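Q: Going by this note's numbering, the first residue of the sequence shown is number 61, and it counts up by one from there.
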Amino acid sequence: MLHSPDTFKLSITEKAAEKVKAAIEKQGKTDAALRVYVAGGGCSGFQYGLAFDKQSGDDHVIEAHGVKVLVDDKSAQYVDGSEIDYVESVMGEGFMVNNPNATETCGCGHSFKPK
Numbered sequence: 061m062l063h064s065p066d067t068f069k070l071s072i073t074e075k076a077a078e079k080v081k082a083a084i085e086k087q088g089k090t091d092a093a094l095r096v097y098v099a100g101g102g103c104s105g106f107q108y109g110l111a112f113d114k115q116s117g118d119d120h121v122i123e124a125h126g127v128k129v130l131v132d133d134k135s136a137q138y139v140d141g142s143e144i145d146y147v148e149s150v151m152g153e154g155f156m157v158n159n160p161n162a163t164e165t166c167g168c169g170h171s172f173k174p175k
């Protein structure tokens with residue numbers, strides 16, 4: 061692993077966890093966890109992805125508010141220290157990654173440029 065499981069940090073707010081649990085229940089994927097990953101693309105160079113998945117060998121696993129969150133080792137270097145939140149505003153609602161490693165983010169909040 062590139063990142064030690066002892067030093068990797070990621071959190072999820074209670075509101076985001078409730079939305080994840082509701083979506084898992086609605087889709088009937090009771091054994092699934094939320095995968096957070098980073099892929100190339102987006103207007104700032106990298107973009108966040110969220111999906112339901114099962115744990116694999118190199119995953120960092122975080123459990124909070126009754127939700128299991130998975131991050132592969134490559135993505136961990138970009139989201140270490142981040143918080144997954146769920147926001148509702150006049151512009152809409154959805155999951156948001158508050159990432160201290162991002163030097164720039166786009167207006168939509170789905171892509172970023174790392175430090």
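Where a beta carbon is used, it is the ideal one built from N, C-alpha and C, also for glycine. The structure presented is a predicted model; accordingly, all values stated were derived computationally and were not measured.
Does DSSP put Lys81 in a helix, a strand or coil?
A: Residue state, collapsed to three classes: helix.
Q: Keeping to the same chain, check which residues put their C-beta closer than 6 Å to that of Val147; ignore five residues upstream and five downstream.
A: Result list for Val147: Met156, in chain order.
Q: Going by DSSP in three states, Val131 sits in which element: helix, strand or coil?
A: Three-state DSSP puts Val131 in a strand.
Q: Since His120 is in the beta strand (DSSP E), which residue starts that stretch and which ends it?
A: That run of the beta strand (DSSP E) goes His120 to Ala124.
Q: Please state if the CB of Leu110 and the CB of Leu94 are separated by a distance shorter than 8 Å.
A: Contact: yes.
Q: Express the C-alpha separation of Lys114 and Asp91 in angstroms, rounding to a whole number.
A: One C-alpha to the other measures close to 8 Å.
Q: In three-state terms, what does DSSP make of Gln115?
A: Three-state result, Gln115: coil.
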